[in-house]
Amino acid sequence: MPALPAPDYPAEVRARLEADAKEVIARYPGPRSALLPLLHLVQAEEGHVTRTGIRFCAEQLDLTTAEVTAVSTFYSMYRRKAGGDYQVGVCTNTLCAVMGGDAIFEELKEHLGVGNGETTEDGAVSLEHIECNAACDFAPVVMVNWEFFDNQTPESARQLVDDLRAGRTVEPTRGAPLCTFKETARMLAGFPDERPGAVAATGSAGPASLIGLRLAKGEVAPGRGAGHVVSPRTAGPAEEPPSGRPGEQAPPGHPSSHDAPQETSASDDQHPAGPTAEEGE
13 MPALPAPDYP AEVRARLEAD AKEVIARYPG PRSALLPLLH LVQAEEGHVT
63 RTGIRFCAEQ LDLTTAEVTA VSTFYSMYRR KAGGDYQVGV CTNTLCAVMG
113 GDAIFEELKE HLGVGNGETT EDGAVSLEHI ECNAACDFAP VVMVNWEFFD
163 NQTPESARQL VDDLRAGRTV EPTRGAPLCT FKETARMLAG FPDERPGAVA
213 ATGSAGPASL IGLRLAKGEV APGRGAGHVV SPRTAGPAEE PPSGRPGEQA
263 PPGHPSSHDA PQETSASDDQ HPAGPTAEEG E
C-alpha cells in the first residue's frame with residue numbers, strides 16, 4: 013500500500029474514471045448507493061482496491077475513506093492485494109466438499125505451489141476456496157472470474173489451470189465466454205460486455221432444480237404416476253396452514269413440513285431441546 017495520503021490517479025486515468033463514476037452514480041436516487049459498483053470500477057482499473065481507489069470513491073460520494081474502507085473490506089469480492097488475471101475459486105462448502113471439492117482444492121494448491129488467496133509467480137492464477145456458489149446440482153464446482161466450471165475432478169481442475177496459464181482458450185460450462193478479472197470487475201460495475209456474442213451466451217439450471225420448479229408448479233414428478241402431484245402453494249384463506257402445534261396435520265395442498273411441523277425435541281414443549289432464555293420462550 014502507498015504511504016498516506018494515498019496518491020491520486022494520473023490525470024488521464026482520473027478523467028476517465030470520473031466520467032464512468034458519474035454514469036454509475038446517476039443510476040441511483042442517492043449517491044451513497046453507488047459505492048459497491050464504484051468499488052468494482054476502481055478494482056477494474058488496478059486489479060484490486062487500492063488506497064487510491066478508496067480515496068477516489070470517497071471523493072465521488074462525499075464519504076470518508078474510513079467508510080469506504082469498511083465496505084471494501086467487508087465483502088470478499090473486493091481484493092485487498094494484487095492478484096492474477098484469473099481468480100480460480102473452488103467451492104468447499106458442504107455438498108461440493110463431500111463430492112470432491114476438498115480434494116480439488118488440495119490438488120490445485122500442490123499443483124500450483126500456492127496457498128489460499130495466493131497467486132502464481134507468472135501472475136496468471138489466484139487460488140481461493142469459496143463458499144456456496146448456488147450450483148449444487150453440478151457439484152463439485154469451480155469458478156473462474158465468477159464463471160461456472162461444473163462437475164469438476166482434481167484432474168479436470170488441474171487441466172483447467174494449466175490451460176489458463178498457457179493462454180489457451182477455456183470455455184465455461186455455462187454462461188459468457190471467459191475474460192480477465194479486470195474485465196469482469198468492469199462488468200460488475202454495471203458496464204456492458206461488448207464482446208461479440210458474449211451477451212447471448214446463457215446457462216441453465218440443473219435437473220434437480222428444474223424438477224423442484226415443476227413440483228412447485230403442481231406438475232407430475234418425473235418417474236412417478238399421475239397421482240403423485242405436489243400442488244402449487246396458492247391456497248386461499250380457507251386453506252391456511254395449521255397453527256404449528258405438534259402433531260397437527262396439514263390440509264391437502266400443503267405437504268411441506270414447514271406447514272405441518274413434525275414432533276421433534278425442539279417442538280415438544282414437555283421435552284425441549286435445551287435450556288431457553290426468558291426472551292426466547
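Add 12 to the 1-based position in the sequence shown for my numbering, that's all there is to it.
From the three backbone atoms N, C-alpha and C, an ideal C-beta is built for every residue, glycine too.
- A Cβ-Cβ distance of about 17 Å is found for the pair L120 and E159, leaving them out of contact under the 8 Å criterion.
- Between C108 and P166, the CB-CB gap reaches or exceeds 7 Å.
- In the DSSP assignment, T132 is bridged to no other residue.
- The beta carbon of D205 sits closer than 7 Å to those of A188, M199 and V211, all from its chain and outside the five residues before and after it, given in chain order.
- By the CB criterion at 7 Å, Y90 and V61 fall inside the cutoff.
- Collapsing the DSSP output to three states places S84 in a helix.
- Put simply, of D175, D149 and V182 the residue whose alpha carbon is nearest the alpha carbon of I223 is D149.
- Beta-bridge partners of V156 (DSSP): V100 and E159.
- In this structure, the alpha-carbon of D162 lies about 42 Å from that of P19.
- Collapsing the DSSP output to three states places L75 in coil.
- Note that the C-beta distance between T132 and F117 is not below 7 Å.
- With respect to the 7 Å criterion, L47 and V25 are not classified as neighbours on the basis of their beta carbons.
- By the beta-carbon neighbour count (other beta carbons within 10 angstroms, threshold 16), D74 is exposed.
- Under the three-state reduction of DSSP, H60 is assigned to coil, being neither helix nor strand.
- V137: not part of any alpha helix (DSSP H); member of the beta strand (DSSP E) spanning V137 to I142, first to last residue.
- When the alpha-carbon of L29 is set against those of P43, S88 and C69, the nearest one is in C69.
- With contacts defined by Cβ atoms closer than 7 Å, L176 and V137 form a contacting pair.
- Beta-bridge analysis with DSSP links R186 to F160.
- If you look at G224, you'll find it in the alpha helix (DSSP H) that goes P219 to A228.
- From the listed residues N128, H123 and G96, the smallest Cα separation to D134 is found for G96.
- In the displayed model, D174 falls within a helix according to three-state DSSP.
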